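K.L.:
Submitted below is the structure of interest, expressed as structure tokens.
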Amino acid sequence: MLSKTIEEKLQSQIHKEASSSQLYLAMACWADVKGFPGVANFLYTHSDEEREHMLKLIKFVNERGGHATVPSLESPAKNFDSLASVFKSILEHEILVTESINDIITDCLKENDHTTNNFMQWYISEQMEEESLARSIIDKLEMIGSDTSSLYLFDKELATGHEAH
Ligand code: OFO
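Okay, structure coming up:
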């Protein structure tokens with residue numbers, strides 16, 4: 003059975019995962035209309051993955067005696083400055099998500115909630131992968147700069163899922 007504190011924390015995490023999904027969907031739309039189909043594809047997939055993260059949490063809360071609330075979401079930004087700024091925002095966003103997951107785990111340890119702690123470990127590994135992927139993409143984009151033929155190849159590479167996990 004979940005304590006009230008842990009249930010509230012998980013509920014707030016549900017909101018964060020849903021917001022991430024929305025944000026990456028907006029970024030995917032932007033990349034799509036700006037002529038980066040590979041990046042768009044990568045971001046559509048990332049958006050779906052975040053929705054999966056949300057669903058996983060919702061099901062866990064319901065299975066453990068809580069009752070998950072489907073969050074209402076604000077509309078994310080529609081326009082972004084550049085590919086580099088998109089991936090920098092993703093990294094910043096994911097760092098915040100990691101902090102909030104760590105915070106839930108700290109509460110689980112305080113409350114001896116080993117089940118939730120164990121469940122949240124999956125999110126920890128997922129975050130490590132997402133952060134390092136975002137960092138490697140940012141490094142690559144910094145190297146490319148504004149060289150259009152390299153950007154074209156970069157986009158193609160993301161389309162084949164070469165960078166994705
Ligand atoms: Fe990458 O946010 Fe989900 O966990």
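According to my numbering, the sequence shown holds residues 3 to 167 in order. Glycine residues also receive a C-beta, built at the ideal position from the N, C-alpha and C atoms. Bear in mind the structure is a predicted one, so any value in this text is a computation, not a measurement.
Below 7 Å, is the gap between the Cβ of residue 41 and the nearest heavy atom of the ligand OFO?
P.N.:
Here residue 41 corresponds to residue number 39 of the sequence shown, with the count starting at 1. No; taking the cut-off as 7 Å, the Cβ of residue 41 has no heavy atom of the ligand OFO nearer than that.
K.L.:
Would you kindly check if the distance between the Cβ of residue 159 and the Cβ of residue 40 is under 8 Å?
P.N.:
In the sequence shown, residue 40 corresponds to position 38, counting from 1. In the sequence shown, residue 159 corresponds to position 157, counting from 1. Yes. Within cutoff.
K.L.:
In this structure, does DSSP put residue 18 in helix, strand or coil?
P.N.:
Residue 18 sits at position 16 when you count from the first residue of the sequence shown. Of the three classes helix, strand and coil, the one that applies to residue 18 here is helix, per DSSP.
K.L.:
Where in the stretch 130 to 164 do unbroken runs of the alpha helix (DSSP H), each at least 4 residues long, occur, reported from the N-terminal end onward?
P.N.:
As far as the stretch 130 to 164 is concerned, its whole alpha helix (DSSP H) runs of at least 4 residues are 150 to 161.
K.L.:
At which residues does the alpha helix (DSSP H) containing residue 36 begin and terminate?
P.N.:
One-based indexing of the sequence shown puts residue 36 at position 34. Unbroken run through residue 36: none, as it is neither H nor E.
K.L.:
If you follow the alpha helix (DSSP H) that residue 90 is in, where does it begin and where does it stop?
P.N.:
Locating residue 90 in the sequence shown gives position 88, counting from the first residue. Taken as a continuous stretch (DSSP letters only), the alpha helix (DSSP H) holding residue 90 covers 85 to 112.
K.L.:
If you drop the 5 nearest sequence neighbours on each side, which residues of the same chain put their C-beta closer than 7 Å to that of residue 141?
P.N.:
Stepping through the sequence shown from its first residue, residue 141 is reached at position 139. If we look at residue 141 and ignore the five residues flanking it on each side, it has no Cβ neighbours.
K.L.:
By the three-class DSSP mapping on this structure, what secondary structure does residue 67 have?
P.N.:
Start at 1 with the first residue of the sequence shown, and residue 67 comes out as number 65. Coil, per DSSP.
K.L.:
Quick one: grab the DSSP three-state call for residue 120.
P.N.:
Stepping through the sequence shown from its first residue, residue 120 is reached at position 118. In the structure shown, residue 120 sits in a helix (DSSP, three-state: H, G or I).
K.L.:
Can you tell which of 151, 127, 99 has its C-alpha closest to the C-alpha of residue 20?
P.N.:
By 1-based counting over the sequence shown, the position of residue 20 is 18. Residue 99 is the option with its Cα nearest to residue 20.
K.L.:
Below 7 Å, is the gap between the Cβ of residue 91 and the nearest heavy atom of the ligand OFO?
P.N.:
Numbered from 1 along the sequence shown, position 89 holds the residue referred to as residue 91. Checking the Cβ of residue 91 against the ligand OFO gives no.
K.L.:
Put residue 82 into one of helix, strand or coil per three-state DSSP.
P.N.:
If you number the sequence shown from 1, residue 82 lands on position 80. Of the three classes helix, strand and coil, the one that applies to residue 82 here is coil, per DSSP.
K.L.:
Confirm the yes/no value for this check: CB of residue 96, any heavy atom of the ligand OFO, distance under 7 Å.
P.N.:
Locating residue 96 in the sequence shown gives position 94, where the first residue counts as 1. Answer for residue 96: yes, Cβ within range of the ligand OFO.
K.L.:
Below 7 Å CB to CB, which residues in the same chain sit around residue 90 once its five sequence neighbours on both sides are set aside?
P.N.:
By one-based count along the sequence shown, residue 90 stands at place 88. These residues qualify, in order along the chain: 140.
K.L.:
Among 42, 17, 150, which one has its Cα closest to the Cα of residue 73?
P.N.:
Position 71 of the sequence shown, counting from 1, holds the residue named residue 73. With distances taken between Cα atoms, residue 73 lies closest to 17.
K.L.:
Taking residue 26 as the reference, which of 11, 35, 6, 51 has the closest Cα?
P.N.:
To locate residue 26, count along the sequence shown from 1; it is residue 24. With distances taken between Cα atoms, residue 26 lies closest to 51.
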